[in-house]
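In full-length UniProt numbering, the protein residues as written are 1 to 732.
Glycine included, every Cβ here is placed at the ideal spot set by N, Cα and C.
Before any comments, here is the structure.
Printed below as a string of structure tokens:
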């Protein structure tokens, strides 16, 4: 047996050897080290989750509040996805299957993390061999139908929107042995970033800790903790209006016993070439042709079930592609659905943009210099302004509007982007910072009113760039002002700060027909600002005009089109009537002069009647209505129109829900227990991720270890004190 000799340390000092003192200190640290080892060992056991000797994670589980013995898990068995990416639209069908493997009837609740731009338009439930198609109803009526079915022992399912990208599913009275198959159908508009389209099928929602001992499943995409539910008088309420209704799905713990099948098939089809198709999250198979310039493309992407042996539902599926040729190109898609006809018109930028293609530009920077912007927000704003200005040409013009408690323009009018003017602007801006001229309140509206009243220069691409943390309460007024007076200009909103008012930034961007940019952390600020600059610095087609000849159209969204940017196309969706004949003429101005294109309607890409364009049009219409409702502009009228569109186009909205009821009575011998459908943990997220939950009656292992550490240290202190007392007595 191996033995170890005692350790003795001596430290030399001017007073000679101090073996005793050092040995006491060493003894203390030795005890502390032993305590740390005990702490680590017990903590490791706690982190192990009770797995025992093996390294396999625990099997999945359900959180059952007030559970009785015999209530078993309801594991997800499979997820199947079929998607058609019609250029800028994703039409998606999702089928999820799960089974009651226990001996008790269950009511299950789980979270489906859909797309942020999803327009859910169908839901079907299959249970016990019967297929039940869900009906869309007003939220209050749908909830009542669901509750009545539960009381009558019928199998029922309810789908409500709790957030733009999270849907709460309830399925009642799932009998032992039942296999339940739920099918969701939705579509979404895909908006490119950096010239690249990205379709994401979210598979998990990351866990987030919530106060009050409740477990909530959210990740950084979500900012509220409520699921839509009836309020006290039974009416439907939004998540913001009812925070008591929690989204409470626990994560599963993965493992060999829980590897649900995940299969996905997607097809990309477009009236313009399809380029650079890649899946950055999974290993997939691709086939088909991307198409040549002047012709459309079609590419198929397949994810076989199971992948490479590791679970594949612990990370989102991400597919990217480009729709670009060598030159500016227009494309037209048409469809018919339920007696109505819809079209989608797009103008795509070229794959490569030369300086000669960029038309003259006029930028007006609206810079927030209020007190809340001091620190990294103002630093990043300054750098963003400088980099945008130095990228301009002398044929371009600019001006800077500074606002806090008051507003002022750096120049009386737009000035040429010469090196001298740029240097003067930056010097004036920095002088204000140096001498403390900035700070105070945030008067955004007067600044916007002044900028929107500036006369436009013909043949010039005008862009208004708003940079602020949004610490104001004029979201409604700002949205209405921009929407009414923007004209043909572009408006871009860049939110920066520790707690940006996202509502303001997002509404400004929608009113300005652009995408919002928000930075809430110093470490990400530089990269986000650079990306924002790249997005707005290169318009390639301005003063875009659309004319329809022999092709009857109406109800166009948007009514006016913004500029085509190097990294952003323009899109218009609307209705058409009569025959699919005639022409669509497009025109605009580039740096090289006038640009014109013609599309023969007879050559348009025809979809299969799935309703993708109908639902897209309705979703875009609903977005505008919901903005008006949220800012309390004729709220009752907007709500009525939202309900009408939701019912007509079979859409899930904040005021409509899907409900499916199996009208065949089924004998339920025991009370159904509520469970929550577990989601696989996101890749890289520890099983020790923060979560709420009920407080255990016995101490946690980590608590026990801390108690042991404390006891050892206290014991050492007492022993040392007594030893010192005895030494003094002996010495006396």
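> Taking the alpha helix (DSSP H) that residue 552 falls in, what are its first and last residues?
Replying inline: Note, residue 552: premise wrong, no alpha helix (DSSP H); beta strand (DSSP E) at 552-557.
>> Please classify residue 397 as buried or exposed, where buried requires at least 16 neighbouring CB atoms within 10 angstroms.
In response: buried
> Where does the unbroken beta strand (DSSP E) through residue 517 begin, and where does it stop?
Replying inline: 517-519
>> On the DSSP bridge list, what partners appear for residue 199?
In response: 319
>> Using only the alpha-carbon positions, how far apart do residue 425 and residue 400 sit?
In response: 8 Å
> By Cβ distance below 8 Å, which residues in the same chain neighbour residue 232 in space, the five residues on each side in sequence not counted?
Replying inline: Confidence at residue 232 is low in this model, with a pLDDT of 30, below 50, so the placement of that residue should be treated as unreliable; the coordinate-derived value is given next. Hits under 8 Å: none found.
> How about residue 84 and residue 602: are their beta carbons less than 9 Å apart?
Replying inline: no
> Considering only C-alpha positions, which residue in the set 333, 332, 359 and 328 is nearest to residue 352?
Replying inline: 328
>> Please report the straight-line C-alpha distance between residue 406 and residue 443, rounded to a whole angstrom.
In response: 6 Å
> Taking C-beta to C-beta, are residue 184 and residue 120 nearer than 9 Å?
Replying inline: yes
> Secondary structure at residue 629, three-state DSSP: helix, strand or coil?
Replying inline: helix
>> Among 261, 502, 289 and 283, whose alpha-carbon lies nearest the alpha-carbon of residue 267?
In response: 289
> How is the beta strand (DSSP E) around residue 486 delimited, first residue to last?
Replying inline: Unbroken run through residue 486: none, as it is neither H nor E.
> What are the start and end residues of each continuous beta strand (DSSP E) run of 3 or more residues lying completely inside the segment 324-406, in chain order?
Replying inline: Those beta strand (DSSP E) runs which fall completely within the segment 324-406 and span 3+ residues are 329-337, 340-348, 361-368 and 397-403.
>> Contact defined as beta carbons within less than 8 Å: I believe residue 347 pairs with residue 628. What is the distance between those atoms, to the nearest angstrom?
In response: At roughly 28 Å, the Cβ-Cβ gap does not stay under 8 Å, so residue 347 and residue 628 are not in contact.
> Under a Cβ-count criterion, where at least 16 other Cβ atoms within 10 Å of its own Cβ denotes burial, should residue 180 be classed as buried or exposed?
Replying inline: buried
> Taking the alpha carbon of residue 303 as the point to measure from, which residue in 645, 262 and 564 has its own alpha carbon closest?
Replying inline: When C-alpha distances from residue 303 are compared across 645, 262 and 564, the shortest belongs to 262.
> residue 129 bridges to which residues according to DSSP?
Replying inline: None; residue 129 has no bridge partner.
> Going along the chain, which residues of its own chain have a beta-carbon closer than 6 Å to the beta-carbon of residue 96, five neighbours each way excluded?
Replying inline: 79 and 182
> Taking Cβ to Cβ, would you say residue 467 is nearer than 9 Å to residue 508?
Replying inline: Not in contact: residue 467 and residue 508 (Cβ atoms no closer than 9 Å).
> residue 523: buried (16+ other C-beta within 10 angstroms of its C-beta) or exposed?
Replying inline: exposed
> Excluding sequence positions up to five away, which residues of its chain have a Cβ less than 6 Å from the Cβ of residue 129?
Replying inline: none
> My guess is that residue 359 and residue 461 are in contact by the Cβ rule of under 8 Å, so how many angstroms apart are they, rounded?
Replying inline: 5 Å
> At what residues does the beta strand (DSSP E) containing residue 410 begin and finish?
Replying inline: Here residue 410 belongs to no beta strand (DSSP E), and DSSP marks it neither H nor E.
> If you count every other CB in all the chains shown that lies within 10 Å of the CB of residue 521, and 16 or more means buried, which is it?
Replying inline: exposed
> Are the CB atoms of residue 479 and residue 510 nearer to each other than 9 Å?
Replying inline: yes
> What are the boundary residues of the alpha helix (DSSP H) that includes residue 653?
Replying inline: First-last for residue 653: undefined, no H or E at that position.
> From this set, 488, 576, 93 and 525, which residue's C-alpha is nearest residue 379's C-alpha?
Replying inline: 525
> Whose C-beta lies closer than 6 Å to the C-beta of residue 93 among residues of the same chain, with five residues either side of it excluded?
Replying inline: 82 and 185
>> For a test of the three-state rule: what should DSSP assign to residue 693, helix, strand or coil?
In response: At residue 693 the pLDDT is 38, less than 50, meaning the model places this residue with poor confidence; the figure from the coordinates comes in the next sentence. Residue 693: coil per DSSP, three-state reduction.
> In its own chain, which residues sit with a C-beta less than 6 Å from the C-beta of residue 100, not counting the 5 before and 5 after it?
Replying inline: Excluding residues within five positions, the ones whose Cβ falls inside 6 Å are 74, 106, 174, 176 and 178.
> Around the Cβ of residue 588, are there at least 16 other Cβ atoms within 10 angstroms (buried) or fewer (exposed)?
Replying inline: That one is buried.
> Which residues in the same chain have their Cβ closer than 6 Å to the Cβ of residue 487, if we skip the five residues on either side of it in sequence?
Replying inline: Scanning its chain for C-beta atoms nearer than 6 Å, with the 5 sequence neighbours on each side dropped, one finds no residue around residue 487.
> Would residue 506 be called buried (16 or more neighbouring beta carbons within 10 Å of its own) or exposed?
Replying inline: buried
>> Given this structure, state the Cα-to-Cα distance separating residue 438 from residue 474, to the nearest angstrom.
In response: A straight-line Cα-Cα distance of about 21 Å links residue 438 and residue 474.
> So residue 489 and residue 463 are in contact, right, with Cβ under 8 Å, and what is the actual spacing, rounded?
Replying inline: 7 Å
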